[in-house]
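Numbering (my numbering), first residue to last: 258 to 1227.
Ideal Cβ positions, reconstructed from N, Cα and C, are used throughout, including at glycine.
Remember, it's a predicted structure, so these values are computed and weren't measured experimentally.
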């Protein structure tokens, strides 16, 4: 396989693994870990294989056309910088999977955890190797979504739900700003391809839209990397499981922001706007994050604020605009990933084995877990910047760069002092972490007796700490060649000469390091007693919490503004809302006709068929009758509405559209029955005491009648115009001439749905799945009106009739009046399955297809529920409609992605006819797989709504039983 195709596997493998992990049983913890570890290790091996090519300065690219008319393509691009991040994502990802195998409890829903983790890995990998700006924005938002699911994994925990919501709100909102900024960049350059953008630095910096585009892009990057003033979401994300925290803080999510800053550094940096905005955010975050970290009592809280501070360090370096500063920033990204992942895993081991992360309860753990303590101490020293560890090297480079004058502003002048103070604070919280947890008296009253974890749970920390040591001791031989590949991919010809030597002599940066080390130790000694007894949070700033400000803003938006909007524009009645929608639709349709000088020709009666006119007259009467009866008799309105649908079906047959007729008939059956079942649970209509109509009500009815007539007439005029206006080549001519030659099918409608407009169909079935899930969720919460719970009037009359018949000894005949129809309906199930398969297989050439076949099979399930009842069916059939929806959507999506493997755009189809012995020649188009996805999703969505309605009967029986029990007790 070529390197370009292997590049695609870096994204496909994690997402495929996510799907497979979700299908494994909850008890298969080992299988989940083996699957996730194997996929992650395979992705890591693929990344390793790219190094020889990238070391020569080449770029591996995999362009796939997506929407070429709009300049969009699914381009994957791997250079040295993307390779460095890929190594972090897959390498640390494998270690996290290994660690999670022992950390996660067997009682947790393990398949969900590994499924989310792999999907998150795939999304982050997509951000790193995207070669198109819009594609990068899509993967960017996917990281926000999957991090939301991972942070809220223990959704029974209020803190997890709040942290997940906060993270999604801030990073998702920043992602929307990023999308707008990237669109503006694409507009400036004239292309969304990353190669074109990176070659247009001067054009972008000199453009009038540079400043607004820069602000929008920075909003996306700074929110993702938790930079001031958006830093507060990251500590609240600590409610996630520790493996998630370790992965999120080291190699993914928060690193995405600084990755984007470094990726666009060649085209956006070097201006006063860049330096002031990025520099102020970076320095503020560096200092505040380190200060707040000192006063945290939760181990993970301390590490979270330290992550914020180190990300501020990287952001500050990137703000300087110096090539050497960019080198230091990239170097620190790697160093921070190694020691921070190991520290989070160590904190997780402490929590796992001791039962708490509260530093006020932890002490003297060195005697209980000496190996883990030693590893954590080395990683903590690397975080503090102690010599002969990797953190010291990049911190020295940072100190050196702050001493240089880059823009001659106030920020330049204060940078060395901010760097030294933040370095001292880093030493303080690192020493506190080591001394408080591992030394001192033995702990008392811990939830568990501390002890060493299983060996394989400690192996990831051992490997990462070893990397901290060997990089810190011999950086040139270990990390040097790989760092150089990443640096040259970002800086290109601007790559400076730099040295990774451990000793550069006793100079000013070395003096700053000594001051930071000694000062940090003294600060800790001064605060030691206060920290041992203080509450969580920094003194005097405890009430100044971004979380509190965030909550107040949300309350203002979601409560006060929503209440104001509801009071001024909202209504609880559906009719005013429909009135507004119809009116706006009418204006939207009328305006272009008015602007285009539309003239209507008088209709001609040539070819008038009185039989067809009579059929339509019946349909019109049914439609008007349904509208009239809707206020008085719902069942009659439903019957009349079905009559109008049947007339529409006959119309399709009349005009030689059997495919549409089949679909219309099947949909008519399903919707009529579902609505009929839903009518059972609507509250009864109250009979009006006074039949007189007030003047305002009369005016409202007249207004609605006029609006309905005008809108209906407008649609009729539009349809008539489209059918009578002569055109040189119509849309139908285009599809009729190309359906077989390019789509491989003679059923033009089906070829349009699964081939020419397959992307539209994918969107439509996605919406259908979302609607079905939403209906199911709403009906689970729905409780029928009190007067709907009891036996209906028809059932009550039938019961009375059955009782009277029993008195006359003919009860068996009447009471079993549904026995024969129910048996017939049950016998029809295999017949309907056969019909459904027949419709599906013939759909590409003859009337049928996945949608029609799915509706047909759903009718089979519908008949079973009607014949046997909810309990009878679910005791015998395990339908699992949600999995039908999921599998259908995945099959359709993966069918489209399969064309990428052969270098074709998404959803490009391939067709061939295959001779099946003793049967016939069958079409074997790839669109058949896409149609299979449509089939599965339609079945799942329809049956899910059916189940949601059917379960109201169970609740009704329970409510009647409770009511009867209370009556007996009374």
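Within the continuous beta strand (DSSP E) that includes residue 324, where are the two ends? Per DSSP, residue 324 belongs to the beta strand (DSSP E) from 322-324.
Among residues of its own chain, excluding the 5 on either side of residue 390, which ones have a beta-carbon nearer than 6 angstroms to its beta-carbon? Same-chain partners within the cutoff: 439, 443, 449.
Indicate whether the contact test is met: 3 or more Cβ pairs, each with one atom in the stretch 524-532 and one in the stretch 617-627, closer than 8 angstroms. For the pair of segments examined, the stretch 524-532 was found not to touch the stretch 617-627: the number of CB pairs separated by less than 8 angstroms stays below three.
Please determine if the stretch 294-313 and the stretch 340-359 are in contact, where contact requires at least 3 C-beta pairs separated by less than 8 angstroms. By the Cβ criterion, the stretch 294-313 is in contact with the stretch 340-359, since at least three pairs of Cβ atoms, one from each stretch, lie closer than 8 angstroms.
Going by DSSP, what residue range makes up the alpha helix (DSSP H) through residue 1019? Segment 1015-1038, the alpha helix (DSSP H) holding residue 1019.
Am I right that residue 583 and residue 522 are in contact with their C-beta atoms under 8 angstroms? What's the rounded C-beta distance? The pair is a contact, with the Cβ atoms about 6 angstroms apart (cut-off 8 angstroms).
Determine, using beta-carbon pairs with one atom in the stretch 553-570 and one in the stretch 473-487, whether at least three such pairs fall under 8 angstroms. They touch, by the three-pair rule.
CB residue 690 to CB residue 777, shorter than 8 angstroms? No, these two residues do not count as a Cβ contact at 8 angstroms.
Does residue 1228 come out as helix, strand or coil in the three-state DSSP assignment? The chain is shown from 258 up to 1227; residue 1228 falls before or after that span and cannot be answered.
Tell me, to the nearest whole angstrom, how far the beta carbon of residue 921 is from that of residue 912; I am working on the premise that it is less than 8 angstroms. Not quite, the Cβ-Cβ distance comes to about 12 angstroms (not below 8 angstroms), so this is no contact.
Report buried or exposed for residue 901, applying the criterion of at least 16 other Cβ atoms within 10 angstroms of its Cβ. So residue 901 ends up on the buried side.
Please classify residue 198: is it buried, with 16 or more other beta-carbons within 10 angstroms of its beta-carbon, or exposed? As displayed, the chain neither begins before 258 nor continues past 1227, which places residue 198 out of reach and without an answer.
Does the structure place the stretch 328-346 close enough to the stretch 695-707 that three or more beta carbon pairs sit under 8 angstroms? The way I'd put it, the stretch 695-707 doesn't touch the stretch 328-346; fewer than three beta-carbon pairs between them come closer than 8 angstroms.
Where residue 1012 sits in the DSSP three-state scheme: Helix, per DSSP.
Would you mind giving the Cβ-Cβ distance between residue 766 and residue 588, rounded to the nearest angstrom? I have them listed as a contact below 8 angstroms. Not confirmed; about 14 angstroms, so no contact.
Counted within 10 angstroms of its Cβ, other Cβ atoms place residue 385 as buried (16 or more) or exposed: Of the other Cβ atoms in all chains shown, 16 or more fall within 10 Å of the Cβ of residue 385; this residue is therefore buried.
Spatial neighbours of residue 538 in its chain, beta-carbon cut-off 7 angstroms, leaving aside the 5 residues before and after: For residue 538, where only same-chain residues beyond five positions count, the Cβ hits under 7 angstroms are 479, 484, 485, 572.
Beta-carbon within less than 7 angstroms of residue 930's beta-carbon, same chain only, minus the 5 sequence neighbours each way: which residues are those? The residues 1119, in chain order, have a CB closer than 7 angstroms to that of residue 930 in the same chain once the five nearest residues on each side in sequence are set aside.
Assuming residue 317 is part of the beta strand (DSSP E), what are its boundary residues? 317-319 is the extent of the beta strand (DSSP E) around residue 317.
DSSP state of residue 990 mapped onto helix, strand, coil: Reduced to three states, the DSSP call for residue 990 is helix.
Whose CA, out of 899, 387, 958, 737, lies closest to the CA of residue 592? Here the closest residue by C-alpha is 737.
Return the residue from the list 832, 1078, 377, 322 that minimises the CA-CA distance to residue 502. In this structure, 377 is the residue among 832, 1078, 377, 322 with its C-alpha nearest to the C-alpha of residue 502.
Can you pull the DSSP bridge partners for residue 1178? DSSP, once it has assigned bridges, lists 1172 as partnering residue 1178.
Assign residue 1066 to buried or exposed, taking buried as 16 or more other Cβ atoms, counted over all protein chains shown, within 10 Å of its Cβ. Residue placement at residue 1066 is poorly supported in this model, since its pLDDT is 44, which falls under 50; the coordinates are not used for a value here.
Since residue 604 contacts residue 721 with CB under 8 angstroms, what's their CB separation in whole angstroms? In fact, because the Cβ distance is near 13 angstroms, the residues do not count as touching under 8 angstroms.
Could you tell me the alpha carbon to alpha carbon distance between residue 1058 and residue 1137, rounded to whole angstroms? Unreliable placement is indicated for residue 1058, whose pLDDT of 48 sits below 50; the coordinate value is still reported in the next sentence. Their Cα atoms are separated by approximately 39 angstroms.
Per DSSP, what kind of secondary structure is residue 703 in: helix, strand or coil? The three-state secondary structure of residue 703, taken from DSSP, is coil.
Under DSSP, the alpha helix (DSSP H) around residue 1111 begins and ends at which residues? Where residue 1111 is concerned, the enclosing alpha helix (DSSP H) starts and stops at 1107-1125.
By the 10 Å Cβ neighbour count, where 16 or more other Cβ atoms means buried, how is residue 1132 classified, buried or exposed? Exposed, because fewer than 16 other Cβ atoms sit within 10 Å of the Cβ of residue 1132.
Let me check one thing: in DSSP terms, what residues is residue 329 bridge-paired to? Beta-bridge pairing by DSSP links residue 329 to 324.
For residue 961, report the span of its alpha helix (DSSP H) as first-last. That run of the alpha helix (DSSP H) goes 952-981.
Closest by CA to residue 669, which one among 601, 577, 733, 637? For residue 669, the nearest C-alpha among the options comes from 577.
Leaving aside the five residues before and after residue 375 along the sequence, list all residues of the same chain whose C-beta is less than 8 angstroms from its C-beta, in chain order. Here the set comprises 271, 272, 274, 275, 278, 293, 296, 297.
Does residue 1209 pass the burial test, meaning 16 or more other C-beta atoms within 10 Å, or should it be called exposed? By the neighbour-count criterion, in which 16 or more other beta carbons inside 10 Å mark a residue as buried, residue 1209 falls on the buried side.
What is the DSSP secondary structure of residue 610, reduced to helix, strand or coil? Residue 610 falls in the helix class under three-state DSSP.
Answer yes or no: do residue 403 and residue 424 have a C-beta to C-beta separation smaller than 8 angstroms? If you check the CB distance, residue 403 and residue 424 do not come in under 8 angstroms.
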